[in-house]
Amino acid sequence: MTDVTTDARTAGGRGRLSRLLAIGWPYLAIVLYTVAFSAIVMAQVDYPEDLNEAGARSSPRVAITFDDLPWNGPGYSDSEIAGLTDTLLATLTARGVPATGLVTCRGIRDGAPFLRKWIDAGTELGNHSFSHQDLNSTPVDEWLADVRRCDEDVREVVGGPVRWFRYPMLHQGDDRAVRDSVARTLQRWGYSNAHVTIDNSEWLLARAYDIAMREGDEAEAAAIVEAYVGHLREAADHFRGAGRDKFGREVDHVLLVHANAIAARHIGDVLDVLEADGFTIASLEEVLSDPIYARVDEYVGPTGLSWIYRAAPLSPDDPWDDIAEEALAARFRWR
Ligand SMILES: [Zn+2]
Numbered sequence: 005m006t007d008v009t010t011d012a013r014t015a016g017g018r019g020r021l022s023r024l025l026a027i028g029w030p031y032l033a034i035v036l037y038t039v040a041f042s043a044i045v046m047a048q049v050d051y052p053e054d055l056n057e058a059g060a061r062s063s064p065r066v067a068i069t070f071d072d073l074p075w076n077g078p079g080y081s082d083s084e085i086a087g088l089t090d091t092l093l094a095t096l097t098a099r100g101v102p103a104t105g106l107v108t109c110r111g112i113r114d115g116a117p118f119l120r121k122w123i124d125a126g127t128e129l130g131n132h133s134f135s136h137q138d139l140n141s142t143p144v145d146e147w148l149a150d151v152r153r154c155d156e157d158v159r160e161v162v163g164g165p166v167r168w169f170r171y172p173m174l175h176q177g178d179d180r181a182v183r184d185s186v187a188r189t190l191q192r193w194g195y196s197n198a199h200v201t202i203d204n205s206e207w208l209l210a211r212a213y214d215i216a217m218r219e220g221d222e223a224e225a226a227a228i229v230e231a232y233v234g235h236l237r238e239a240a241d242h243f244r245g246a247g248r249d250k251f252g253r254e255v256d257h258v259l260l261v262h263a264n265a266i267a268a269r270h271i272g273d274v275l276d277v278l279e280a281d282g283f284t285i286a287s288l289e290e291v292l293s294d295p296i297y298a299r300v301d302e303y304v305g306p307t308g309l310s311w312i313y314r315a316a317p318l319s320p321d322d323p324w325d326d327i328a329e330e331a332l333a334a335r336f337r338w339r
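For the sequence shown, this note's numbering assigns the number 5 to the initial residue and increments by one for each residue that follows.
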């Protein structure tokens, strides 16, 4: 694609030059200015580090990541969690999905029976902090101690080092000094940021689903499931488009969902629509090898943002996430 652009630019420049010499110098000055300005603009949006095999791929990969392991959602007994975890992992195993699970360590039970199920199913586990503290409102030392505590817990369960960290609420620091010092510390501890691109409001639908199921309202639960699959499909489509807009090609994505009941029963439906739309399911490690994840984090602020927006400083203000969330919150009872 970049080659085509370069050829077109060169050919256009040549055509202009010969026309010009016949017409006159004032026109030449204007055209030279235009050509130079275009070159500057193209140099800014043309990322040379992206011109590798990822750039040549026409269909994007997507990593499936589950947050808040061992379980997200109130009111479930341990035996229900065990059964639903088995259901979820059976789908992932049957389809060969190389999933990643981010653990909120305060939820770990004695002997970590649920996490062991994830490990036995081949899921790689990462750290999502001990008690899900918000970096925007927690002193840095306290926040880091909470992450460290979970590091020890997950290491013990997996029996080795842990390489992925995901920020609670995707809040990475609303102050540049905080953001950078936290990022450096996590790196020193051996962590890579488990970035998210396909951010979404699936958690809200999960709560609505829990309520409907508890009340035995099957019609409502079915409507919520349909909205869940549709919402995640729309989110994937939205951020795929945003990735193409920002980087000029298909980029590889990371989907964030949670370890909850609606995922346990319906993640297969989500995988179906993603694959139907041309995504290939891949591991987090494979996806994060796309050079967009090596780009500089350009965002400092309080919002938990898709990496697409953090890495692309010239992003327009894009309210898709908020609009989708408000529509879902208005349609379903979720609290
Ligand atoms: Zn979380």
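The C-beta atom is built at its ideal place from N, Cα and C for all residues, glycine as well.
Since the structure is predicted, the reported quantities are computational estimates derived from the model, not experimental observations.
TODO: Assign Val300 to buried or exposed, taking buried as 16 or more other Cβ atoms, counted over all protein chains shown, within 10 Å of its Cβ.
DONE: exposed
- [ ] Leaving aside the five residues before and after Ala333 along the sequence, list all residues of the same chain whose C-beta is less than 7 angstroms from its C-beta, in chain order.
- [x] Leu208
Task: Reference Ser133; option with closest CA among Ile68, Tyr195, Glu230 - done: Tyr195
Task: Pairwise C-alpha distance: Lys250 and Phe41 - done: Any reading at Phe41 is ruled out, since the residue's pLDDT is 42, under 50, leaving its predicted position unreliable.
Open item on the list: Going by C-alpha to C-alpha distance, which of Asp276, Asn76, Ala316 sits closest to Val101?
Closed with: Asp276
TODO: Name, in chain order, the residues that DSSP records as bridge partners for His136.
DONE: Per DSSP, none; premise fails for His136.
TODO: Ignore the nearest five residues each way along the sequence and tell me which others in Arg183's own chain have a CB closer than 8 angstroms to its CB.
DONE: Gln176, Gly177, Asp301, Val304
- [ ] Taking Asp157 and Ile112 to be in contact with their CB atoms under 8 angstroms, please state how far apart those CB atoms are, rounded to whole angstroms.
- [x] 6 angstroms
Open item on the list: Tell me the rounded alpha-carbon separation between Ala246 and Asp114.
Closed with: 43 angstroms
Task: Under the three-state DSSP convention, the category Ile296 falls into - done: helix
TODO: Assess, as a yes-or-no matter, whether the region 61 to 80 is touched by the region 283 to 294 under the definition of 3 or more beta carbon pairs within less than 8 angstroms.
DONE: yes
Task: Chain-order list of residues whose beta-carbon lies under 7 angstroms from that of Val274 (same chain, five-residue window excluded) - done: Val233, Leu236
TODO: Flag Pro74 as yes when its Cβ comes closer than 6 angstroms to any non-hydrogen atom of ligand 1, and as no otherwise.
DONE: no
Open item on the list: Taking DSSP's pairing of strands, which residues face His262 in a bridge?
Closed with: Asp71
- [ ] Please determine, among Ser63, Asn197, Phe118, Leu73, the residue with the shortest C-alpha to C-alpha distance to His262.
- [x] Leu73
Open item on the list: Excluding the 5 residues flanking Thr108 on each side, which residues of the same chain have their C-beta closer than 6 angstroms to its C-beta?
Closed with: Asp72, His132, His136
Open item on the list: Would Val200 and Leu106 qualify as a contact pair, given that the criterion is a beta-carbon distance under 7 angstroms?
Closed with: no
Open item on the list: Taking 7 angstroms as the threshold (C-beta atoms), are Leu88 and Ala265 in contact?
Closed with: yes
Open item on the list: Rounding to the nearest angstrom, what Cα-Cα distance links Glu128 and Leu93 in this structure?
Closed with: 12 angstroms
TODO: Note down, in chain order, each residue of its chain lying with its Cβ closer than 8 angstroms to the Cβ of Glu329, except the 5 sequence neighbours on either side.
DONE: Ser205, Leu208
- [ ] Go through the region 86 to 164 residue by residue and report every complete run of the alpha helix (DSSP H) that reaches 4 residues or more, in order.
- [x] 117 to 124, 144 to 162
TODO: With a threshold of 16 other CB atoms inside 10 Å of the CB of Gly361, please say whether the residue is buried or exposed.
DONE: No answer is possible for residue 361: the residues shown for the chain start at 5 and end at 339.
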